[in-house]
Ligand code: AMP
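In the working numbering, the protein residues as written are 2 to 196.
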């Protein structure tokens with residue numbers, strides 16, 4: 002039975018880490034728009050060149066460009082077990098367009114995980130990741146990404162809360178504890194729908 006998950010959270014909240022762990026455990030296709038952009042950047046495609054200019058400054062890539070890339074990728078990768086969307090939708094407009102897309106294709110969005118940690122913890126993680134060489138992790142760009150998150154993305158927590166899909170998870174704990182909490186919530190959901 003297919004089930005689909007969306008991951009939301011500010012930069013360095015643990016989306017990438019937990020998306021990978023969830024996808025591996027439940028056999029879901031892990032779809033990260035940030036990772037797709039990084040692949041385009043590495044290949045120096047026209048999309049990659051544009052994305053790099055925006056990402057390096059901490060800005061979002063426009064909705065239409067992001068969704069076009071996402072659909073092309075998703076169409077080539079339908080997985081009967083389900084999909085995990087990491088970092089998309091990231092604006093209300095993306096969420097609304099995406100909602101129409103999934104209705105049209107009879108796809109269901111099952112759960113939305115909102116990962117959060119105190120801001121000082123997010124900063125500590127950013128410094129660690131910057132030291133590991135990720136180009137869009139430095140103080141100035143990080144602040145821009147944070148402000149974009151609160152201006153454009155955070156509203157999605159209300160959007161999915163109103164739909165009864167949002168599960169809020171603190172990631173201010175060791176990774177294995179956080180993932181155990183997430184897995185328990187997924188297992189509980191699967192047990193309920195399989196009753
Ligand atoms: P991430 O790896 O999810 O942190 O994404 C890295 C960067 O890619 C973000 O800071 C954005 O500039 C861009 N990006 C990723 N996903 C989206 C999206 N859904 N909409 C717009 N820009 C995105």
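For every residue, glycine included, the Cβ atom is placed at its ideal position computed from N, Cα and C.
Have a look at the options and flag the residue whose alpha-carbon is nearest the alpha-carbon of residue i.
i: residue 169; options: 127, 156 and 113; result: 113
i: residue 160; options: 95, 142 and 39; result: 95
i: residue 38; options: 32, 49 and 118; result: 49
i: residue 167; options: 190, 146 and 145; result: 190
i: residue 46; options: 9, 91, 184 and 70; result: 70
i: residue 24; options: 44, 80 and 100; result: 80
i: residue 41; options: 152, 130 and 62; result: 62
i: residue 66; options: 91, 58 and 100; result: 91
i: residue 121; options: 8, 31 and 140; result: 140
i: residue 164; options: 43, 109 and 3; result: 109
Considering only the beta carbon of each residue, do residue i and residue j sit closer than 7 Å?
i: residue 172; j: residue 116; result: yes
i: residue 118; j: residue 22; result: no
i: residue 87; j: residue 14; result: no
i: residue 93; j: residue 142; result: no
i: residue 34; j: residue 75; result: no
When DSSP labels each residue in this structure, what does residue i get in the three-state scheme?
i: residue 20; result: helix
i: residue 140; result: helix
i: residue 99; result: helix
i: residue 151; result: helix
i: residue 77; result: coil
i: residue 114; result: strand
i: residue 8; result: strand
i: residue 108; result: coil
i: residue 65; result: helix
i: residue 87; result: strand
i: residue 157; result: helix
Taking residue i and residue j to be in contact with their CB atoms under 8 Å, please state how far apart those CB atoms are, rounded to whole angstroms.
i: residue 98; j: residue 78; result: Wrong, their Cβ atoms sit about 19 Å apart, outside the cutoff.
i: residue 149; j: residue 60; result: 7 Å
i: residue 82; j: residue 29; result: 6 Å
i: residue 11; j: residue 127; result: Incorrect: roughly 10 Å between the Cβ atoms, too far for contact.
i: residue 183; j: residue 18; result: In fact, because the Cβ distance is near 11 Å, the residues do not count as touching under 8 Å.
i: residue 187; j: residue 27; result: 7 Å
i: residue 58; j: residue 129; result: Not confirmed; about 22 Å, so no contact.
i: residue 158; j: residue 9; result: 6 Å
Query raised in the report: If we count Cβ pairs, one from each stretch, closer than 8 Å, do we get three or more for the stretch 100-113 versus the stretch 46-61?
Result: The stretch 100-113, when compared against the stretch 46-61, does not touch it at the 8 Å Cβ threshold.
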